[in-house]
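Please read the structure below before turning to the comments.
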Amino acid sequence: MGTKIAAVQAQDIQGDITASLHVVSKAARRADNENIDILCFPECFLQGYTLDKQETAERAFGVASPEFKKVLDTLKRHKVTIILGLIEEDAGRHYNTAAVIQGGKLLGVYRKVHLFEQNFQPGTAYPVFTVGELPFGVNICYDARFPEGPRELATHGVKVIFYPLNNRLPHKKAKSYRDKHVPNLIARAQESGCWVVSSDVAGQDESHTSYGCTAIVNPQGKVVSRVSELTSGMVAIELA
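Residue numbers 4 to 243, in the working numbering, belong to the letters of the sequence shown in order.
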């Protein structure tokens, strides 16, 4: 029996951890029912992705904090391993982080290495995680433009690279970038020889659009599954 992996596409939530955790828990319940082993959520999904330094400081907390312990306690009922994007604070610095959570325990974090944002500090490492017999790594959004991370992860035997994304952009910019996200994922899969799985936000409001680029790409660069644009949903696949 193989390892089942999945990714969620959901509406962007800003500054409401209770609402975000409701979405995470609902998807995790579905994942448990479908015997999914690893479930990925979008970039900074827990507190809401922001470029504003004040919002970043207000929303951030450490993975050893009481706030994050509440998150772990909320998720400990679920069997599925969860990759959850958050704004992390550590020693007064802020990081765009993906936490890997299993049974209410933190397995580790990946901090976004390649930044265009001014409100975050860059990470410096590409950790490898293992669930069952499946080794995997994480990159985040803008990282997808760069081959170094996937190449390094591949040398350590990683089979899957998860990409939490947040492509919520002003309408005009969202339209111009609409068809540029998938080619990056395809290139990273082909270069590394790994499966690539992305998780994005989707929806529209008066100022922004997020079409959503939640997809599964095989090591040959073929998109084998994708959530429809502008909708919420989940993609999943079982790997031998």
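The beta carbon of each residue, even a glycine, is placed where N, CA and C say it ideally should be.
Spatial neighbours of Ser-202 in its own chain (CB-CB distance under 6 Å, excluding positions within 5 residues in sequence) are listed in chain order as Ala-10, Val-11, Cys-43, Phe-44, Pro-45, Pro-167, Thr-217. Annotated three-state conformation of Leu-172 is strand, per DSSP. Contact between the segment 21 to 41 and the segment 56 to 63 is absent, with fewer than three C-beta pairs closer than 8 Å.
Rounded to whole angstroms, Asn-122 and Tyr-52 show a C-alpha spacing of 11 Å.
DSSP places Pro-69 inside the alpha helix (DSSP H), whose first and last residues are 69 to 78. Annotated as distal: Tyr-214 and Glu-194, with beta-carbon spacing of 7 Å or more. Within the model, the alpha-carbon separation for Ala-67 versus Gly-88 is close to 16 Å. From the listed residues Tyr-98, Ile-85, Val-161, His-159, the smallest Cα separation to Asp-35 is found for Ile-85. Around the beta carbon of Asn-38, a 10 Å sphere encloses fewer than 16 other beta carbons of the protein chains shown; the residue is thus reported as exposed. Between Lys-176 and Pro-138, the C-beta spacing is not below 7 Å.
Rounded to the nearest angstrom, the gap between the Cα atoms of Ala-13 and His-159 is 31 Å. Burial check for Gly-196: the Cβ neighbour count within 10 Å stays below 16, so the residue is exposed. For Asp-203, there is no enclosing alpha helix (DSSP H), as DSSP marks it with neither H nor E.
Buried is the label assigned to His-81, since at least 16 other Cβ atoms lie within 10 Å of its Cβ. Boundaries of the alpha helix (DSSP H) around Ala-190: 184 to 195.
Close CB contacts of Ser-23 within its chain, under the 8 Å cut and outside five residues either way in sequence, are with Ile-16, Phe-48, Leu-49, Gln-50, Gly-51 (chain order). Cβ-Cβ separation between Val-199 and Leu-188: approximately 5 Å, consistent with a contact (criterion under 8 Å). The beta carbon of Val-26 sits closer than 6 Å to the beta carbons of Ala-13 from its chain, once the five residues preceding and following it are set aside; these are given in chain order.
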